[in-house]
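Asker: First residue of the sequence shown: 1, per the UniProt record's numbering; consecutive thereafter.
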Amino acid sequence: MYVAPRPVEADDPNFAIRLAIMPVIGFVVGVALQSPMALIYPTMMFSLMAGSRKALNIGRALGGPIAFIVMLWVMSWLVSLTINMPLVMVALMGLLFFLGFYLIGKTGNPFGMLIIVSAMMTSVLGTGTYQAMIVLRDEMSKAALCAAIFTPLLYLIIPPATPEQAVDIYVPYHEDQLALRAAIRAGVLLLFSFWLYSISDSSNMMLGVGAVFVLTFPTSETLFAEARERSLSTLMGGAVALVVLAILSLVAHLPILLLLGYLGTLFFTTRMISGRHPAMVYQYAASVMISLIGGALATQEPGYAFLTRAVLTIGGAIGAAFLASLLEALLLKPSPEPAFKESLS
Numbered sequence: 001m002y003v004a005p006r007p008v009e010a011d012d013p014n015f016a017i018r019l020a021i022m023p024v025i026g027f028v029v030g031v032a033l034q035s036p037m038a039l040i041y042p043t044m045m046f047s048l049m050a051g052s053r054k055a056l057n058i059g060r061a062l063g064g065p066i067a068f069i070v071m072l073w074v075m076s077w078l079v080s081l082t083i084n085m086p087l088v089m090v091a092l093m094g095l096l097f098f099l100g101f102y103l104i105g106k107t108g109n110p111f112g113m114l115i116i117v118s119a120m121m122t123s124v125l126g127t128g129t130y131q132a133m134i135v136l137r138d139e140m141s142k143a144a145l146c147a148a149i150f151t152p153l154l155y156l157i158i159p160p161a162t163p164e165q166a167v168d169i170y171v172p173y174h175e176d177q178l179a180l181r182a183a184i185r186a187g188v189l190l191l192f193s194f195w196l197y198s199i200s201d202s203s204n205m206m207l208g209v210g211a212v213f214v215l216t217f218p219t220s221e222t223l224f225a226e227a228r229e230r231s232l233s234t235l236m237g238g239a240v241a242l243v244v245l246a247i248l249s250l251v252a253h254l255p256i257l258l259l260l261g262y263l264g265t266l267f268f269t270t271r272m273i274s275g276r277h278p279a280m281v282y283q284y285a286a287s288v289m290i291s292l293i294g295g296a297l298a299t300q301e302p303g304y305a306f307l308t309r310a311v312l313t314i315g316g317a318i319g320a321a322f323l324a325s326l327l328e329a330l331l332l333k334p335s336p337e338p339a340f341k342e343s344l345s
């Protein structure tokens, strides 16, 4: 699947500053709108903007959030039609998961990820309470719309150095048996989702989310590499969030929260440019930090929230990588390439 390259400081020296401002705006917007899920705003607005590189691509800045909104509404409609027919809903989710993974493998286009994530979130919440799914859909739609509004504004106020727009190059899987690989990944994710359906506890959704991002990668090596990176990101983001919350426990004022949130995000966005790990490690760490701070300010105890997030994300990532690798070893036919090369030699 397409992964945004590391930002280049020469192209956009203000990249880290601009991106770190977005979750601050999200916190303010969530509070101003008196949202019942205010922490969604900074997390989503940051995530939707974080993939931008070089000069503003207005099509990407508007298209990504709008596509996500459309998928949320389509999936919530499908869940509402099948919520009273559990077997039909599970079969439908399995088909949508397969479609998403196959699209990623065939084209490399991350649109498949939108299908998978929106289907999983709406179905998990829908099996709990229908009203919770509607609230999530509405609040995430508002957050995505805010990202579409504020991303161009921030680029206008803090422009990059280069006028050149980045070109997204989608690389499909080079492996064969794409349909079977997609079916294996859909089956693994459906297994995680089915467990979430059975317990009807949306707070454990990170188990499924941790699995989704890992399963988009094609081979056992890349599956486990992504699982390690996700685990590292969770620990890094959680550690910074605990530091921020410790300071807030001494000086609990909104301006201090916004300043610390900005500085914590800036710490990670700067390292997206120059850190020793891949840029996505720091991007996801920033998302973890933002969501943990928002969750702790709402209802969650910080230490417990961090521990729960770490266990579910790491467990989901490693569990998904292990199950997918095991099933591929059992079900995929060996590639004829090694034997062909041996015959040539």
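Idealized CB from N, CA, C, for every residue including glycine.
#1: Taking 8 Å as the cut-off, decide whether the C-beta atoms of residue 161 and residue 105 are in contact.
#2: In angstroms with no decimal places, state the Cα-to-Cα distance between residue 19 and residue 46.
#3: Return the chain-ordered list of same chain residues with a C-beta closer than 6 Å to the C-beta of residue 119, the five sequence neighbours on each side being excluded.
#4: If the criterion is Cβ atoms closer than 8 Å, does the pair residue 79 and residue 128 meet it?
#5: Look at residue 237 and residue 272 and say whether their C-beta atoms are less than 8 Å apart.
#6: Select from 264, 166, 322 and 312 the residue whose C-alpha is nearest the C-alpha of residue 215.
#7: Taking the straight line between their C-alpha atoms, what separation do you get for residue 38 and residue 294?
#8: Please report the distance separating the alpha-carbon of residue 184 from that of residue 249.
#9: Going by DSSP, what residue range makes up the alpha helix (DSSP H) through residue 222?
#10: Buried or exposed for residue 53, going by 16 or more other Cβ atoms inside 10 Å?
#11: Could you please give the first and the last residue of the uninterrupted alpha helix (DSSP H) stretch that includes residue 138?
#12: Examine the Cβ distances between the region 149-166 and the region 225-236 and report whether three or more of them are shorter than 8 Å.
#13: To the nearest whole angstrom, what separates the beta carbons of residue 21 and residue 262, a pair I think is in contact under 8 Å?
#14: With DSSP as the reference, please indicate the residues paired to residue 165 in a beta bridge.
#15: By Cβ distance below 8 Å, which residues in the same chain neighbour residue 145 in space, the five residues on each side in sequence not counted?
#16: If you draw a straight line from the C-alpha of residue 27 to the C-alpha of residue 260, how long is it?
#17: DSSP on residue 264, reduced to helix/strand/coil?
#18: Tell whether a beta-carbon distance below 8 Å holds between residue 220 and residue 43.
#19: Following the continuous alpha helix (DSSP H) through residue 93, name the residue where it begins and the one where it ends.
#20: Can you list, in chain order, the residues of its chain whose CB lies under 6 Å from that of residue 342, leaving out five sequence neighbours each side?
#21: Quick test of your reading: residue 100 and residue 85, contact by CB under 8 Å. State the CB separation rounded to the nearest angstrom.
#22: Check each candidate in 117, 304 and 327 and name the one with the smallest Cα separation from residue 209.
#23: Measuring only the C-alpha atoms, how far is residue 35 from residue 29?
#24: Assign residue 329 to one of two classes, buried (16 or more other C-beta atoms within 10 Å of its C-beta) or exposed (fewer than that).
#25: Check whether the Cβ atoms of residue 72 and residue 122 sit closer than 8 Å, and answer yes or no.
Answerer: If we stick to the structure as given:
#1: Here residue 161 corresponds to residue number 161 of the sequence shown, with the count starting at 1. Here residue 105 corresponds to residue number 105 of the sequence shown, with the count starting at 1. Not a contact, by the Cβ cut-off of 8 Å.
#2: Numbered from its first residue, the sequence shown carries residue 19 at position 19. Numbered from its first residue, the sequence shown carries residue 46 at position 46. The straight-line gap from Cα to Cα measures roughly 7 Å.
#3: By 1-based counting over the sequence shown, the position of residue 119 is 119. Closer than 6 Å at the Cβ level, and outside the excluded window around residue 119, lie 75, 93 and 96.
#4: To locate residue 79, count along the sequence shown from 1; it is residue 79. To locate residue 128, count along the sequence shown from 1; it is residue 128. Residue 128 is positioned such that its CB atom lies no closer than 8 Å to that of residue 79.
#5: The sequence position of residue 237 within the sequence shown is 237, counting from 1. The sequence position of residue 272 within the sequence shown is 272, counting from 1. No, the Cβ-Cβ distance between residue 237 and residue 272 is not below 8 Å.
#6: In the sequence shown, the residue the question calls residue 215 occupies position 215. Nearest C-alpha to residue 215: 322.
#7: As a first step, residue 38 is located in the sequence shown; it is residue number 38 there, counting from the start. As a first step, residue 294 is located in the sequence shown; it is residue number 294 there, counting from the start. Cα-Cα distance, rounded: 8 Å.
#8: Within the sequence shown, the letter at position 184 stands for residue 184. Within the sequence shown, the letter at position 249 stands for residue 249. Computed Cα separation, rounded: 46 Å.
#9: As a first step, residue 222 is located in the sequence shown; it is residue number 222 there, counting from the start. Boundaries of the alpha helix (DSSP H) harbouring residue 222: 220-250, taken from the DSSP string.
#10: In the sequence shown, counting from the first residue as 1, residue 53 sits at position 53. Classification of residue 53: buried, given that the 10 Å Cβ count is 16 or more.
#11: Position 138 of the sequence shown holds residue 138. Its alpha helix (DSSP H) spans residues 130-157.
#12: No: the two stretches stay apart, fewer than three of their Cβ pairs being nearer than 8 Å.
#13: If you number the sequence shown from 1, residue 21 lands on position 21. If you number the sequence shown from 1, residue 262 lands on position 262. That belief holds up - the Cβ atoms of residue 21 and residue 262 are roughly 7 Å apart, short of 8 Å.
#14: In the sequence shown, counting from the first residue as 1, residue 165 sits at position 165. For residue 165, which the question treats as bridged, DSSP gives the partners 54 and 55.
#15: Taking the first residue of the sequence shown as position 1, residue 145 is located at position 145. Excluding the 5 residues flanking it on each side, residue 145 has same chain C-beta neighbours closer than 8 Å at 65 and 69, in chain order.
#16: By 1-based counting over the sequence shown, the position of residue 27 is 27. By 1-based counting over the sequence shown, the position of residue 260 is 260. Answer to the nearest angstrom: the Cα atoms are 12 Å apart.
#17: Here residue 264 is taken as the residue at index 264 of the sequence shown, counted from 1. Of the three classes helix, strand and coil, the one that applies to residue 264 here is helix, per DSSP.
#18: As a working mapping, residue 220 is identified with position 220 in the sequence shown. As a working mapping, residue 43 is identified with position 43 in the sequence shown. With contacts defined by Cβ atoms closer than 8 Å, residue 220 and residue 43 do not form a contacting pair.
#19: Within the sequence shown, numbered from 1, the residue matching residue 93 stands at position 93. That run of the alpha helix (DSSP H) goes 86-107.
#20: In the sequence shown, the residue the question calls residue 342 occupies position 342. With a pLDDT of only 42 at residue 342, under 50, the local geometry of the prediction cannot be trusted, and the value read off the model is given with reservation. Contacts found: none.
#21: Taking the sequence shown and counting its residues from 1, one reaches residue 100 at position 100. Taking the sequence shown and counting its residues from 1, one reaches residue 85 at position 85. So it is not a contact: roughly 22 Å between Cβ atoms.
#22: Mapped onto the sequence shown, residue 209 falls at position 209. When each option's Cα is compared against that of residue 209, the closest is 117.
#23: Within the sequence shown, residue 35 is the residue found at index 35, counting from 1. Within the sequence shown, residue 29 is the residue found at index 29, counting from 1. Those two C-alpha atoms are separated by around 9 Å.
#24: Here residue 329 refers to the residue found at position 329 when the sequence shown is read from its first residue. Exposed: under 16 other Cβ atoms inside 10 Å.
#25: Taking the first residue of the sequence shown as position 1, residue 72 is located at position 72. Taking the first residue of the sequence shown as position 1, residue 122 is located at position 122. Between residue 72 and residue 122, the C-beta gap is smaller than 8 Å, which places the two residues in contact.
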